[in-house]
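Okay, so the sequence shown: first residue is 542 according to the numbering used here, each after it adds one.
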Amino acid sequence: MALHTRLNQKSSKQQRQQQQQQQQQQQQQQQPAPPAPPPLHVPQVDLEEINSRWPPVEDFSNETPVQREERLEREREAKRINDEIDAQIEIEKSERRKRRPDIRIILLGQAESGKSTILRNFQLKYAPAAFHAESEAWRAVIDLNLVRSITFLLSLLEERSSGRSKLIPLQRLTDDLRRLRVSLSPLKSIEDSLARFISPDNPRQVGAGSAALPTERAFEVSVRSGSRWKALFHRSGSGSTSKTTSHGYEELQNARRVIEACREDIVALWNHPTVRASLAEQSVALEFQSGFFLDAVDRIAAPGYEPSPADILKARIQTVGVEEHPLKMEIGMSEHGQLWSIIDVGGSRGLRAAWLPYFDDVNVLLFIAPVSAFNQTLTEDRSVNRLWDSFLLWKSVCTHKLLKKATFILLLNKYDLLDAKLRSGIQFRQFVTSYKDRPNKTENILDYLKEKFSAIYQQDPENTLNLHVHVTCATDSNSTSIVLARIREVIFTDNFKKANLL
């Protein structure tokens, strides 16, 4: 009888526990979902105001003493950098006078507009041998771009394990995600090794990939102008590196081995539904970022991988300062052996003061405006819409006295990303109020932007040469090749006109 009573008590206790568990589950299901994070504020712009608000006036009346000191420190640092750049410019100008190129082209545009990618397209089309000779250097950059994307994802998992992450809820960090976090952890040291090797004079960026979203400047690798970083990878005929220590080269080879060993786990992490859903919920679109290679891991992380021209065009590296690239023409009968000089300048606000000395004797100004940036802000100033900044920058160069004899070519770049954003439902007029009720279609928006950019150029009566406008996707070498051929024709036609030969 006592045994029967104990069994009944045990059964009743189990029933109560089951009821409590069911009640807890019901309460969890009834709990409201956590509120969505506030969207990133991107200032609206009215392109009709482009003339009335230039030049902009900065207001420092409300800043605190601490903010004032921080601003002055930034200004002092910017002046120091500019002084260094000016000194380097004088040296380079002296060297340039010794051999003046046949054609001088300057690439202008804000940071991440695609200037360096356009430069690589020039090299691919008109100096292909020199372009392919640098493939080993670009492989290291591609490796670093890939690794930094992975370490960014890993940082989200690590924050979740400590309870800080807003992207991946605690209960969704499954055993397979925990395993991937451990198996891919060696990539963090690989990231540091690659960054130090590519940019040894910029140690502050090492390991920065895991500290910021990929839209932040800290996420990318940068090199100083004049560093000749590509030369570090050139090998002599004997197979040894010419400027690279054997230890450094072994580090690169070790990095490749680690990436190859992690290939399957990299694919698994990127394709994991929890990771993809969490990124989508927060509107973090890695696939829209420069240097995105997670969709090609099977090929890029394979043994014996050699970068294709398309891979090199997609690779992301930031040049800090002004760099002049000699381009010796390898094709054509009349131009073969001609020397073109293409000047690639840093587009961030703090570097624009260094542009002026390079405006002298420029034959062609190639301005790159990223049309997909209408819903983004400057990294340097979150209160400035990137499209608005492009218009202000364009207005400043259109009215510059030193450029009155230059041929102006405008590239409306990244139309593919513009199209993708519009197809996803993003409304252009939400960010550009002057667009009003026009159709939210790529063709209509491009026509509108062409009209606005052209109107600014034509406002200055001294701009007597025709403005040439092209729509480009700089990472598409085939379509860009056609545009470059047209640019080449324009350059020679305008040069003949200036010489009164036409």
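Quick reminder that beta carbons are idealized off the backbone N, C-alpha and C, glycines included.
Check, Outcome
"For L868 and I514, believed in contact at Cβ under 8 Å, the rounded distance", "Outside the modelled stretch of the chain, which goes from 542 to 1043, sits residue 514, for which no answer is possible."
"Cβ distance (whole Å) where A856 is taken to contact S1018 below 8 Å", "Their Cβ separation, rounded to whole angstroms, is 13 Å, which puts A856 and S1018 out of contact at 8 Å."
"C-beta atoms of N662 and L1025 nearer than 8 Å", "yes"
"Close-in-space but distant-in-sequence residues of the same chain around I731 (CB under 6 Å, 5 per side omitted)", "V688, A796, V799"
"DSSP three-state assignment for I872, whether helix, strand or coil", "coil"
"Whole-Å CB distance - R804 paired with D839, under 8 Å assumed", "7 Å"
"Residue range of the unbroken alpha helix (DSSP H) whose run includes F663", "656-667"
"Q1000 classed as buried or exposed, judged by whether at least 16 other C-beta atoms fall within 10 angstroms", "exposed"
"Runs of beta strand (DSSP E) lying entirely within the stretch 897-968, each at least 3 residues, in chain order", "905-911, 948-954"
"Counted within 10 angstroms of its Cβ, other Cβ atoms place P848 as buried (16 or more) or exposed", "buried"
"Sequence-distant residues of its chain with Cβ nearer than 7 Å to S1044 (five each side left out)", "Residue numbering for the chain in the displayed model covers 542 to 1043; residue 1044 lies beyond these limits and cannot be assessed."
"Proximity of L735 and H866 at Cβ, strictly below 8 Å", "no"
"Closest Cα partner of I739 within the set E792, T1016, L698", "E792"
"Segment limits, alpha helix (DSSP H) that includes R840", "838-841"
"Bridge partners - V808, DSSP secondary structure assignment", "The partner list for V808 (beta bridge, DSSP) is empty, contrary to what the question assumes."
"Bridge partner(s) assigned by DSSP for D1011", "Rather than Asp, the amino acid found at residue 1011 in this sequence is His. For H1011, which the question treats as bridged, DSSP gives the partners L952."
"According to DSSP, residues forming a beta bridge with S507", "Because the chain here runs from 542 to 1043, residue 507 falls outside it and cannot be looked at."
"Alpha helix (DSSP H) segment containing L721, residue limits", "716-724"
"Presumed contact (8 Å Cβ cut-off) between L944 and F900, rounded CB distance", "6 Å"
"Rounded C-alpha distance that separates F833 from L827", "7 Å"
"T815 in three-state terms, based on DSSP", "helix"
"First and last residue of the uninterrupted beta strand (DSSP E) at L649", "644-649"
"Own chain residues within Cβ distance below 8 Å of L649, not counting five before or after", "K656, V886, G888, W896, L906, L907, F908, I909, L934, V938"
"P867, DSSP secondary structure in three states", "strand"
"Selection from R645, G878, T692, H1009 that minimises the alpha carbon distance to Y667", "G878"
"Boundaries of the alpha helix (DSSP H) in which D733 is found, first to last residue", "728-739"
"Where I883 sits in the DSSP three-state scheme", "strand"
"One or two residues paired with V586 in a DSSP bridge", "V973"
"Alpha-carbon to alpha-carbon, Q585 and P578", "Confidence at P578 is low in this model, with a pLDDT of 42, below 50, so the placement of that residue is unreliable and no value is reported for it."
"For T983, the residue or residues it bridges with in DSSP", "Looking at the DSSP assignment, T983 forms no beta bridge with any residue, so it has no partner."
"Local conformation of V861 per DSSP, three classes", "strand"
"Nearest residue (CA-CA) to A947, options R621, P606, R645, E633", "R645"
"Among N1036, A996, K1038, R1029, nearest to E590 - alpha-carbon criterion", "A996"
"Inter-residue spacing [alpha-carbon to alpha-carbon] between A678 and A671", "12 Å"
"I1088 versus T605: straight-line alpha-carbon distance, rounded", "Here the chain covers residues 542 to 1043 and nothing more, so residue 1088 does not appear."
"Of the residues E611, S965, K993, the one placed nearest Y976, counting alpha carbons only", "K993"
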